[in-house]
Each structure stands twice: as C-alpha cells, then as structure tokens.
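Take 13 as the starting number for the sequence shown in the working numbering and just add one per residue.
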Amino acid sequence: MSAKRKKIEVTKENFGDLLLASANQALDHARGKVTLKSETLELPEEPPKFSKTRIKKIREQILEVSQPVFATILACSPSSVKSWERGENTPNGSTRRLLQLIESDPTHFLQSISNS
C-alpha cells in the first residue's frame, strides 16, 4: 500500500523553506540515501501516413459513412475530410492515430467512442 501524499500550499512565506527541502531531497537521492520510483515506458511508433485513397477506403468501405459522419467520428470538420480525400491536405498525428485504430479494429473503435 502506498503512502498518501500530503498537500502543501506554497506561499511567499514558505517558498524558500520548501525549495530548500526539495533541494535536500534531491541531494539525498544523488548521494544514494533514497531511491526514487521510476518506470520505463515503451512509446509507440509514429502513426503511419494515410494517402487520400486509403482515407476514402476507410470511410467508404470499412465504416460505410458519409464525409460529415466521418468528420464527426474523427472530431474534425467535414472540410478537413474533403481536403484529405482530394489530396490537398493530410491528417495530423492524432488523427492518423485514430485512422490507424479504425483500420485495425473498426468495431472496437466505434464501441469505445459510443455514448453507451
């Protein structure tokens, strides 16, 4: 069971004392007196690029929805969807990640964003 952290309000009056206490804690760690918790996370690769054809295929063949509905699913504007499908623009990283998730498991994706 982990210890609960105490909330401390920082004010002009106690700022110096708190800063000094933090510096002492950092020094204790540097001297090996205390060990700090750390975690290693494996970061995902950058989402893939999506061509205009691939985007249109996801919308028309996988989801079978109109451009406005697709825009709602992706939380973007219908004009963005149109510009991607025309090849005038490309989706940003977060939208590419959503497209990747839709392409890999559309049913699970739609269930995860549904209101129910």
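Note that the Cβ used here is the ideal one computed from N, Cα and C, for glycine as well.
According to the DSSP assignment, residue 44 belongs to no alpha helix (DSSP H), since it is labelled neither H nor E. Contact check for residue 118 against residue 111 fails: the beta carbons are separated by 8 Å or more. Residue 92 and residue 39 have their C-alpha atoms some 52 Å from each other. Restricting attention to 18, 28, 96 and 108, the CA atom closest to the CA of residue 68 is found in 96.
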